[in-house]
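Since the structure comes first, as structure tokens, the remarks are kept for the end.
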Amino acid sequence: MLKATDLSFSFARRGASGPRVIDGVSLDVERGTVVGLLGPNGSGKTTLLRILAGVLPPRSGRVLIDGHPIEQLTRRELARRIAVVPQETHSTFDFSVIDMVLMGRYPHLGPFELEGAADQEIARDSLAATGTAALETRRFGTLSGGEKQRVVIAGALAQASDILLLDEPTTALDLGYQLEITALLRRLNTERGATMIVSTHDLNLAAALCERIVLLRQGRVIAHGTTKETLTAETIRALYDVDADVQFHPLAGHLTVVPIARPR
Amino acid sequence: MPGRADALGAVHPRASIRQRLVWTLAGFGMLAVAACLLAPLVGSTRIHLGTVFDRSIPYADNIDAQIFFVARLPRVLGAALVGSALAMSGVVFQALLRNPLASPDTLGVSAGASLGAMMAITFNLDFSLLGVSAVPLASFAGSIGALTIVYGLSTARRRGTSAMVLLLGGVTLQALLSAVIAFVQYLADFTQTFRNVRWLMGSLDVASYAPLAAALAPMAIGWAGFATLPRVLDLVSVGSESAAARGVNVERTERIALVSASLTTGAAVSLAGPVSFVGIIVPHLVRLIVGADHRLVLPASALFGGAFLIGCDLVARTIIAPLELPVGIVTAIIGGPVFLWLLFRTA
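Residue numbers (the working numbering), protein chains in the order written: chain A, 11 to 274; chain B, 8 to 354.
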């Protein structure tokens, strides 16, 4: 459903030569799959997600969503198809939780249209789906990091898009919240069939959550495929220059990665 | 911690936005109308509202009505216009810069307006256009000059730079303009210096409807811009990336916000001088009552800002009657402590 071909991007001025942040990346994401985007800092994960979300136009290549080139869709049409969950969300003003979630309805409303009962219901359903229904009237600023991230995910669900792009959704969270968000995303995939692209530094999260992974280094895809085939000691070494032990963990029920050392 | 903001703001979030909008407009609207009707009754001569609107007395014989409509209402409406313009600009600048401490002065538009006025006074400029005299005209021109510079800065900044760049650019421009103001003042003689200082204190000495009509033109353009903003400001204040991903045209929103808020600020300052604190405390007080949603905060701030400045001006012209105080002194003396309370009340 989301297909990117030969994307490139550079922050240098148009016409000037500069390092390519994204260099010939192609992707094909099928409906209902969870794709992990792995790569070291500066490998272009966030830039790639911004291009896929239509926020940043690529220098070359194109992104098709259900066969439509995204640059031919209006901003609102695109937002009805793709929702984004950033790493962290800070609100300048003290919005309530339900206010934050209702903002997800923006692309579905006319310029001066107010949210109606149907939008309220969608927002409450989204809160329920993320286990945050009890927080509805709380101030967003008073929530813990994990609660905030679940509310932001609820806002993305209220957007009722086909695809969720999540940019390091657990990086700012402690271990308990990391597992909670992982379980939530997994449930959204199995119960609602949500299609997701998740960038992360957490290899174990990728192993637990993603059917497929794409490995990005210096703006290029160095490997992609099913998690089982692609997440190996060799690819991890190619990606991070780290020796790691990758084993199937019977209790966790998925591959686990234990970093051993950085080779000298 | 359930603070005051929770107590007041969180009472209603279960109500629909439509209901909250109706209650907000009704409540703050009544306050503003009451201020406009009651403030002109106060002054050296006592007049009665019943007599003012008594249709049985012909207007030529109705002294109360003449005092109300000719002597006092222009000034009260001036206060309403200036107060609402500064309050709305404050709301918009705070959201645009994602900084709750921003105010209409932050980007140097007020300083530009002040510089224009100082130059008109110091260099004895004497011309008028459509019944508006040199000082307000020069002042408005100064604010347009400052707006042009800030607008240039904002469009020249490269993609991906933050609101922080705009903020720093505006603060620098403001400091630069203040230095030029000091230079112009240094060239002034004693009489001009006295006028300069008085102008900078901010005063609502509006004696007729003509200056109001003149200020209304740029303000109306600003209001038209403001009308498109409330919901997109909600999304942009949470993050420009995530707003863009929800279908907001962030660059266009920022341009409309900048131009509208600058035009209304320029018109307000040219009418009354730099009246401080209205643009910062009114939005914060309003948020305590209606929450953070700009669809409520923007209209409520317009209405409450007008009523607030009418009240401050009432104090300014009665407290040492028959003399009157510049209203800028009153807003600062009331606004400063209120703002400190807002800052530290959670501590």
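Glycine included, every Cβ here is placed at the ideal spot set by N, Cα and C.
Treat the numbers as computed from the prediction; the structure is a model and nothing was measured.
Own chain partners of residue i with C-beta closer than 7 Å, once the 5 adjacent residues on each side are dropped
i	result
Ile270 (chain A)	Asp253, Ala254 and Asp255
Arg272 (chain A)	Asp251 and Val252
Met125 (chain B)	Ile188, Val191, Gln192 and Asn203
Thr43 (chain A)	Thr205, Glu221 and Arg222
Val59 (chain B)	Asp71, Ala72 and Phe75
Gly286 (chain B)	Leu93, Ala94, Ser96, Gly97, Ser110 and Pro111
Leu321 (chain B)	Ala46 and Val49
Residues bridged to residue i [DSSP beta-bridge criterion]
i	result
Met206 (chain A)	A:Val44 and A:Leu174
Lys13 (chain A)	A:Asp38 and A:Leu74
Asp253 (chain A)	A:Ala271
Arg25 (chain B)	Answer is none; Arg25 (chain B) lacks a bridge partner.
Phe284 (chain B)	Paired residue(s): none; Phe284 (chain B) is not in a bridge.
Leu83 (chain A)	Leu83 (chain A) is not bridged to any residue.
Val94 (chain A)	A:Leu175
Ser135 (chain B)	B:Ser140
Ser106 (chain A)	A:Arg149
Ala138 (chain A)	Paired residues: none, contrary to the question.
Phe100 (chain B)	None, per the DSSP bridge assignment.
Ala233 (chain A)	A:Leu225
Ile32 (chain A)	A:Phe19
Thr7 (chain A)	Residue 7 (chain A) lies beyond the residue range present for chain A, which begins at 11 and ends at 274; the question has no answer from this structure.
His259 (chain A)	A:His264
Supposed close pair residue i, residue j - CB separation, criterion 8 Å
i	j	result
Val187 (chain B)	Leu132 (chain B)	Not a contact, Cβ separation roughly 16 Å.
Ser140 (chain B)	Val276 (chain B)	Incorrect: roughly 15 Å between the Cβ atoms, too far for contact.
Phe311 (chain B)	Val337 (chain B)	Going by Cβ atoms, the distance from Phe311 (chain B) to Val337 (chain B) rounds to 16 Å, so no, they are not a contact pair.
Gly335 (chain B)	Ser267 (chain B)	At roughly 23 Å, the Cβ-Cβ gap does not stay under 8 Å, so Gly335 (chain B) and Ser267 (chain B) are not in contact.
Ile341 (chain B)	Cys319 (chain B)	6 Å
Ala153 (chain B)	Gly97 (chain B)	No, Ala153 (chain B) and Gly97 (chain B) are not in contact; Cβ-Cβ is about 17 Å, not under 8 Å.
Leu305 (chain B)	Val297 (chain B)	The pair is not a contact, with the Cβ atoms about 10 Å apart (cut-off 8 Å).
Ala309 (chain B)	Ser91 (chain B)	4 Å
Pro117 (chain A)	Arg86 (chain A)	4 Å
Gln101 (chain B)	Pro290 (chain B)	6 Å
Leu173 (chain B)	Leu104 (chain B)	7 Å
Gly273 (chain B)	Ser161 (chain B)	Not confirmed; about 16 Å, so no contact.
Thr200 (chain A)	Ile163 (chain A)	Rounded, the Cβ-Cβ distance is 15 Å, inconsistent with contact.
Beta-carbon proximity list for residue i, same chain, < 8 Å, skipping 5 on both sides
i	result
Gly167 (chain B)	Any answer about Gly167 (chain B) is weak, because its pLDDT of 46 lies below 50 and its placement is not dependable; what the coordinates show is given next. So the list is empty, once near-sequence residues are dropped.
Leu136 (chain B)	Leu144
Ile128 (chain B)	Val142, Ala195, Gln199, Arg202, Asn203 and Trp206
Tyr66 (chain B)	Ala72 and Gln73
Thr245 (chain A)	Leu225, Ile232 and Ala233
Pro79 (chain A)	Arg72 and Val73
Lys238 (chain A)	Leu265
With 16 other Cβ atoms within 10 Å as the buried cut-off, status of residue i
i	result
Gly114 (chain A)	buried
Gln159 (chain A)	buried
Ser20 (chain A)	buried
Glu125 (chain A)	buried
Val29 (chain B)	exposed
His55 (chain B)	exposed
Gly193 (chain B)	It is Tyr, not Gly, that sits at residue 193 (chain B) in the sequence shown. The residue in question, Tyr193 (chain B), is exposed, as its Cβ has fewer than 16 Cβ neighbours within 10 Å.
Gly16 (chain B)	The predicted position of Gly16 (chain B) is uncertain, since its pLDDT is 44 and thus under 50; no value can be drawn from it.
Gly229 (chain B)	buried
Thr57 (chain A)	buried
Asn51 (chain A)	exposed
Leu175 (chain B)	exposed
Arg27 (chain B)	buried
Gly313 (chain B)	buried
Arg202 (chain A)	exposed
Glu157 (chain A)	buried
Arg148 (chain A)	buried
Glu248 (chain B)	buried
Pro344 (chain B)	exposed
Arg79 (chain B)	buried
Thr52 (chain B)	exposed
Contacting residues, own chain, Cβ-Cβ under 6 Å from residue i (five flanking each side not counted)
i	result
Gly177 (chain B)	Thr113, Leu114, Gly115 and Val157
Ala143 (chain A)	Leu137
Ala166 (chain A)	Ala93, Val95 and Leu174
Leu112 (chain A)	Glu125 and Ala133
Val208 (chain A)	Gly46 and Leu176
Ala250 (chain B)	Leu242, Val243 and Val257
Val218 (chain A)	The displayed chain sequence assigns Ala, not Val, to residue 218 (chain A). Cβ within range, chain order: Thr192 and His264.
Start-end ranges of the alpha helix (DSSP H) lying completely within the region 193 to 257 of chain B, minimum 4 residues: Whole alpha helix (DSSP H) segments, 4+ residues: 197 to 208, 217 to 234, 237 to 245 and 247 to 252.
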